[in-house]
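Written out below as structure tokens is the structure these notes cover.
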Amino acid sequence: MEKKFKSLPEPIYITRPLLPDINEVSEKLQEVWDSNWLTNNGPQHGLFEKKLIDILKVPSLSLFNNGTIALIVACQSLRLSGDVITTPFSFPATPHVLSWNNIRPVFCDIDSVTFNIDADKIESMITPQTTGILAVHVFGTPCDIKKIREIADRYGLKVIYDAAHAFNVEINGTGIGNFGDISMFSFHATKLFHTAEGGALTFKDPNLKKRIDLLKNFGIKNEEEVVMPGINGKMNEIQAALGLVLLDYIEKEREKRAALAGLYKKYLADVEGLTLSSIPEGVKSSYQYFVIRINGKKFGCSRDQVYERFKKYNIFTRKYFYPLCSEYTCYKHLPSSNAGNLRTAKKVVSEVLCLPFYGGLSEGQINEICGILMSFRQGGSKN
Ligand SMILES: Cc1ncc(COP(=O)(O)O)c(C=O)c1O
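Reading the sequence shown from the start, the letters are residues 4 to 386 in the working numbering.
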């Protein structure tokens, strides 16, 4: 007999911020108070930068007040201009940072398995106006970094990776922040690791550090010299202190999420019409999201129906990244936004759903979420 589910007494959201023990935060904040130093390269900032270089296994890093300002500065520091090829399947910040630099986003279609920019289609989008590629490691899955590097080298293009979802991701032991000219990590509260708001750029070229650090501090070189039109992108001591405390929590959070992902897989792996997110060979995952793709015909219920029906049970999933960036009013007029150019992205964006995913979820809750999901399909059976 089909099991009947009731609306949950407490809502389950897509994620919850990882919150450390308040006493540990208080202790760390006491250090900030004692130092009498709240921002502009303080001791917590210095220590946090060093620790992150270690954890992310990168040669160089610069901290920011958020990931969006970091990406804006990344474009400035590489002197990108004209057109930059990017993906329509991302958070609004990705194309917006180009616009804020007077750069025209050129949307390239995506890969149907990884949901990342389709490296095989990049070359056909290159024109004399193209100066770079802004690719996103969507949901933390690495882009085709080898092919993108090859194309960029051949055409003399710069590469920026939006690694907002890819904290501590590694490919065969190499930190994801080593690829491309610059990578950006977001430390927004919704991320696996966060500083409430915050972010970082990583890069190999030591000369970039000087320029990036100037750009994020109004272009101020010293008390009497302002050498470029910079912005205020500085991470403050309170953000850095929170980050330092939270660093000790991420491995455990990652383990919990890995176990939850295992449970989702156990319940949903063989269900007709569902494709589950998987971790590529050799990749250490950020476990940022648990993503399913729903073929409405085969599953017996479309992605949009699943999303709406879940809400009635007090379960809040997310249709990331709907709508495509190419459909925003500010970008839909662009030639590259035409639907014929973005066939895979159009299909993927209508089928993808992120399920609740954070360490605080219990096995019972995952059980319930999966049971409710299965009840949406005709008959509610597994196959
Ligand atoms: C893919 C992507 N890029 C950029 C950002 C912007 O980062 P932030 O919120 O730190 O400004 C986000 C969201 O947080 C994102 O998901």
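Note that CB positions come from ideal geometry on N, CA and C, so glycine has one too.
1. Tell me where the beta strand (DSSP E) around K161 begins and ends.
2. Assuming contact is defined by CB atoms lying nearer than 8 Å, are L356 and V286 in contact in what I supplied?
3. Is the beta carbon of G246 less than 8 Å from the beta carbon of G70?
4. Using a threshold of 8 Å, state whether the C-beta atoms of F360 and F293 are closer than that.
5. Give the range of the beta strand (DSSP E) segment to which V355 is assigned.
6. State buried or exposed for C333, treating a residue as buried only when at least 16 other CB atoms are found within 10 Å of its CB.
7. Per the DSSP calculation, M187 is bridged to which residue(s)?
8. Within 7 Å: the Cβ of T71 and any heavy atom of ligand 1?
9. Is it the case that the Cβ atoms of I113 and T347 are separated by a distance below 8 Å?
10. Run the CB neighbour count on Q47, radius 10 Å, all protein chains shown included, and call it buried at 16 or more, exposed below.
11. Looking at A167 and ligand 1, is the gap between the Cβ and the nearest heavy atom below 7 Å?
12. Would K60 and T177 qualify as a contact pair, given that the criterion is a beta-carbon distance under 8 Å?
13. Considering only the alpha carbon of each residue, which of H168, R152 and N104 lies closest to F182?
14. Under the criterion of a Cβ to heavy atom distance below 7 Å, does G135 qualify as lining ligand 1?
15. Grouping DSSP H, G and I as helix and E and B as strand, with all else coil, what is F313?
16. Given 8 Å as the limit, is there contact between the segment 205 to 219 and the segment 87 to 107, that is, 3 or more CB pairs closer than that?
17. Compute the Euclidean distance between the alpha carbons of G383 and T117, then round it to the nearest angstrom.
18. Roughly how many whole angstroms lie between the Cα atoms of P12 and I318?
19. Going straight from the alpha carbon of F188 to that of L358, what length do you get?
20. Taking all protein chains shown into account, do 16 or more other C-beta atoms lie within 10 angstroms of the C-beta of A261, making it buried, or fewer, making it exposed?
21. When you compare each of W36, E258 and N119 to V352 by their alpha carbons, which one comes out closest?
22. Suppose you measure from the CA of S63 to the CA of D216; what does that come to, to the nearest Å?
23. State the beta-bridge partners of E258 as determined by DSSP.
24. Using 8 Å as the threshold, is the C-beta distance between N298 and G276 below it?
25. With hydrogens ignored, establish whether the beta-carbon of S289 is closer than 7 Å to any heavy atom of ligand 1.
26. State yes or no: is the C-beta of S93 nearer than 7 Å to some heavy atom of ligand 2?
27. Would you call the segment 362 to 377 in contact with the segment 130 to 147, where contact means no fewer than 3 C-beta pairs closer than 8 Å?
28. Does the distance from the C-beta atom of F100 to that of A244 stay below 8 Å?
29. Please state if the CB of G236 and the CB of F51 are separated by a distance shorter than 8 Å.
30. For my contact list, S242 and A192 are in at a C-beta cut-off of 8 Å; report their separation, rounded to the angstrom.
31. Excluding the five sequence neighbours on either side, which residues of its own chain have a C-beta within less than 8 Å of the C-beta of L32, listed in chain order?
32. Just to check my reading of the structure: A166 and G180 have Cβ atoms closer than 8 Å, yes? What is that Cβ distance to the nearest angstrom?
Answer, in terms of the structure:
1. Counting from 1 along the sequence shown, the entry for residue 161 is found at position 158. Note, K161: beta strand (DSSP E), K161 to D165.
2. Position 353 of the sequence shown, counted from the first residue, corresponds to residue 356. Position 283 of the sequence shown, counted from the first residue, corresponds to residue 286. Taking 8 Å as the cut-off, the Cβ atoms of L356 and V286 do not count as close.
3. Within the sequence shown, residue 246 is the residue found at index 243, counting from 1. Within the sequence shown, residue 70 is the residue found at index 67, counting from 1. No, the pair does not count as a contact, with Cβ atoms beyond the cut-off.
4. Locating residue 360 in the sequence shown gives position 357, counting from the first residue. Locating residue 293 in the sequence shown gives position 290, counting from the first residue. Taking 8 Å as the cut-off, the beta carbon of F360 is found closer than this to the beta carbon of F293.
5. Position 352 of the sequence shown, counting from 1, holds the residue named residue 355. Counting along the chain, the beta strand (DSSP E) containing V355 begins and ends at V355 to L358.
6. Here residue 333 is taken as the residue at index 330 of the sequence shown, counted from 1. With a threshold of 16 other beta carbon atoms within 10 Å, C333 falls short and is exposed.
7. Position 184 of the sequence shown, counting from 1, holds the residue named residue 187. When beta bridges are read from the DSSP output, M187 appears opposite D165 and L204.
8. Locating residue 71 in the sequence shown gives position 68, where the first residue counts as 1. At least one heavy atom of ligand 1 lies less than 7 Å from the C-beta of T71.
9. Counting from 1 along the sequence shown, the entry for residue 113 is found at position 110. Counting from 1 along the sequence shown, the entry for residue 347 is found at position 344. For I113 and T347, yes; Cβs fall inside 8 Å.
10. Within the sequence shown, the letter at position 44 stands for residue 47. By the C-beta density criterion, Q47 is buried, having at least 16 other C-beta atoms within 10 angstroms.
11. Locating residue 167 in the sequence shown gives position 164, counting from the first residue. Distances between the C-beta of A167 and the heavy atoms of ligand 1 include at least one below 7 Å.
12. Taking the sequence shown and counting its residues from 1, one reaches residue 60 at position 57. Taking the sequence shown and counting its residues from 1, one reaches residue 177 at position 174. The answer is yes: Cβ separation under 8 Å.
13. For the purposes of this step, residue 182 is taken as residue 179 along the sequence shown, with counting starting at 1. Closest by alpha carbon: R152.
14. Here the question's residue 135 lines up with position 132 in the sequence shown. Result no, Cβ not under 7 Å from ligand 1.
15. As a first step, residue 313 is located in the sequence shown; it is residue number 310 there, counting from the start. Of the three classes helix, strand and coil, the one that applies to F313 here is helix, per DSSP.
16. Cβ pair count under 8 Å is below three, so no.
17. Position 380 of the sequence shown, counted from the start, is the residue given in the question as residue 383. Position 114 of the sequence shown, counted from the start, is the residue given in the question as residue 117. The predicted model places G383 with a pLDDT of 48, which falls under 50 and marks its position as unreliable, so this point remains unresolved.
18. Your numbering for residue 12 matches position 9 in the sequence shown. Your numbering for residue 318 matches position 315 in the sequence shown. In this structure, the CA atom of P12 is about 10 Å from the CA atom of I318.
19. As a working note, residue 188 is residue 185 in the sequence shown. As a working note, residue 358 is residue 355 in the sequence shown. A direct Cα-Cα distance of roughly 22 Å separates F188 from L358.
20. Taking the sequence shown and counting its residues from 1, one reaches residue 261 at position 258. Residue burial annotation: A261 is exposed, with fewer than 16 other C-beta atoms found within 10 angstroms of its C-beta.
21. Locating residue 352 in the sequence shown gives position 349, where the first residue counts as 1. When only C-alpha atoms are compared, the closest one is N119.
22. Walking along the sequence shown from the start, residue 63 turns up at place 60. Walking along the sequence shown from the start, residue 216 turns up at place 213. Their backbone Cα atoms lie some 12 Å apart in a straight line.
23. Working through the sequence shown from its first residue, we reach residue 258 at position 255. Answer by DSSP bridge pairing: none, since E258 is not bridged.
24. Your numbering for residue 298 matches position 295 in the sequence shown. Your numbering for residue 276 matches position 273 in the sequence shown. Against a cut-off of 8 Å, the Cβ pair of G276 and N298 comes out as a contact.
25. If you number the sequence shown from 1, residue 289 lands on position 286. Because no heavy atom of ligand 1 lies under 7 Å away, the Cβ of S289 does not count as near it: no.
26. Looking at this structure, you won't find ligand 2 anywhere; what it does contain is ligand 1.
27. They do not touch, by the three-pair rule.
28. As a working mapping, residue 100 is identified with position 97 in the sequence shown. As a working mapping, residue 244 is identified with position 241 in the sequence shown. Residue identity differs from the one stated: residue 100 is Val in this sequence, not Phe. Result no, Cβ atoms of V100 and A244 do not sit closer than 8 Å.
29. If you number the sequence shown from 1, residue 51 lands on position 48. If you number the sequence shown from 1, residue 236 lands on position 233. Cβ atoms of F51 and G236: not closer than 8 Å.
30. For this step, residue 242 is matched to residue 239 along the sequence shown. For this step, residue 192 is matched to residue 189 along the sequence shown. What sits at residue 242 in the sequence shown is Gln, not Ser. Contact doesn't hold; Cβ gap of about 11 Å is too wide.
31. Taking the first residue of the sequence shown as 1, we reach residue 32 at position 29. Spatial neighbours of L32 in its own chain (CB-CB distance under 8 Å, excluding positions within 5 residues in sequence) are listed in chain order as I241 and A244.
32. Mapped onto the sequence shown, residue 166 falls at position 163. Mapped onto the sequence shown, residue 180 falls at position 177. About 6 Å separates the two Cβ atoms, so the contact holds.
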